[in-house]
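In my numbering, the protein residues as written are 570 to 937.
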């Protein structure tokens, strides 16, 4: 390993808890230009894809770890299937969830519970455990690299990696065969593959603190999105009952979702995580890290995905503010595609008081 060019105490290093946008663009532009000049000197014989596949052999990942990921992914799929079949679907008629939402409710409750548990754990690890200073001092992740060693991590970071890798493997299958197909489902599959590549390359090359921090900055918004959906699905039942508290909670969750998306994914993600990697990684990380280029590229792709999805959020916020309508996932296709019943017929069933029977029929088909 070629040691870093600088260390954390060097006056050249711009070390702050959170960089601003202008400074971020300036210092990252300089660091990436510097990296582009340094790369051919460090890797004079680099050939893609031959060298890349040769470098994959150096990853510190064994077959047992890979097998464990697929076992946990399989368990996620089985648990979700029976959780939905035994508990969620039978509860839909009792809860009075209209057929307009009945096909979407199982997916949302599963994802909400997963993200609630995993992000709560991630929040504890990064903020309250006291083991890591990643959030408060992003460049500190490179401290031990100055003496030639990756940072010391404990079981909690490895647990985050295991569950995240397994969940993304499960999510690829779920997106194709279990979830509702949406306008961005193809992009979602690409996102899952990018995430798995990030997880694998970062874990195998010792950059686990950076990868775990990516998880911390992303899972909370997914949790709030699913909570918003659940409140929308449950606030008005097919028998006409209306629950003002759920309407209020859904509004709070929706506003929190939009605000947290901007803060965590469009503010802290570039100004902490990308500052840590695109700037700090060049000057404070090992100069001959074989996967820095690919990891950095995938992190930038993830930023553009966040900006792309924020387009949906902004449109949703604009529509809600303009019309006063409830938040709705505008990525979804017409309800007919997933329920088998046209919207006009759904409205007619609602007027005739027959939504309960229709909901039970759809639930029965899904359970079968």
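Cβ atoms here follow ideal geometry from the backbone N, Cα and C, with glycine treated the same way.
Note that the structure is predicted; figures quoted are calculated from it, not measured.
query                                                                                                                             : result
CB contact flag (residue 795, residue 680, <8 Å)                                                                                  : yes
Runs of alpha helix (DSSP H) lying entirely within the region 737–792, each at least 4 residues, in chain order                   : 754–773
Backbone CA spacing between residue 628 and residue 809 [nearest angstrom]                                                        : 58 Å
Where residue 616 falls: helix, strand or coil (DSSP)                                                                             : coil
Cutoff 8 Å; reference residue 768; Cβ partners in own chain excluding five residues on either side                                : 730, 733, 734, 737, 780
Close beta carbons around residue 777, own chain, < 7 Å, minus the five adjacent residues each side                               : 722, 726, 730, 771
Unbroken alpha helix (DSSP H) run spanning residue 848, endpoints                                                                 : Taken as a continuous stretch (DSSP letters only), residue 848 belongs to no alpha helix (DSSP H), as it is neither H nor E.
CA nearest to the CA of residue 829, picked from 813, 701, 787                                                                    : 787
Exposure of residue 813, with buried meaning 16 or more beta-carbon neighbours within 10 Å                                        : exposed
Test item: CB-CB of residue 575 and residue 853 under 8 Å                                                                         : yes
Length-filtered (4 minimum) alpha helix (DSSP H) runs lying within the region 689–746                                             : 724–746
Residue range of the unbroken alpha helix (DSSP H) whose run includes residue 634                                                 : 632–652
For residue 939, three-class secondary structure by DSSP                                                                          : Because residue 939 is not part of the residues shown, which for the chain are 570 to 937, the question remains open.
Environment of residue 940 [buried if 16+ CB atoms lie within 10 Å]                                                               : Any question about residue 940 goes unanswered here, given that the chain covers just 570 to 937.
Integer Cβ distance of residue 842 from residue 783, believed to fall under 8 Å                                                   : 6 Å
Residue 822, buried or exposed, once every other Cβ within 10 Å from all chains shown has been counted against 16                 : buried
Three-state class that DSSP yields for residue 906 in the structure shown                                                         : Note on residue 906: pLDDT 38, under 50, position unreliable in the model; no value is reported.
Cβ-Cβ separation, residue 848 to residue 596 (assumed contact under 8 Å), whole Å                                                 : 5 Å
Selected residue, minimal CA-CA separation from residue 675, among 870, 648, 790, 583                                             : 648
Bridge partners - residue 811, DSSP secondary structure assignment                                                                : 805
Check whether residue 846 and residue 826 have beta carbons under 8 Å apart                                                       : no
Whole-angstrom distance between residue 650 and residue 689, CA atom to CA atom                                                   : 24 Å
Between the CA atoms of residue 602 and residue 587 - distance to the nearest angstrom                                            : 22 Å
Same chain, Cβ closer than 6 Å to residue 774, neighbours up to 5 away in sequence not counted                                    : 860
Which of helix, strand or coil DSSP assigns to residue 665                                                                        : coil
Whole-angstrom distance between residue 585 and residue 701, CA atom to CA atom                                                   : 16 Å
Closest Cα partner of residue 643 within the set 741, 811, 857, 863                                                               : 741
Close-in-space but distant-in-sequence residues of the same chain around residue 698 (CB under 8 Å, 5 per side omitted)           : 725
Which of helix, strand or coil DSSP assigns to residue 584                                                                        : coil
Rounded C-alpha distance that separates residue 668 from residue 660                                                              : 13 Å
Nearest-angstrom Cα separation, counted from residue 889 out to residue 572                                                       : 53 Å
Beta-carbon contacts of residue 791 that lie in its chain and below 6 Å, excluding the five residues immediately before and after : 684
8 Å Cβ cutoff met for residue 763 and residue 637                                                                                 : no
Exposure label - residue 570; buried when at least 16 CB within 10 Å                                                              : exposed
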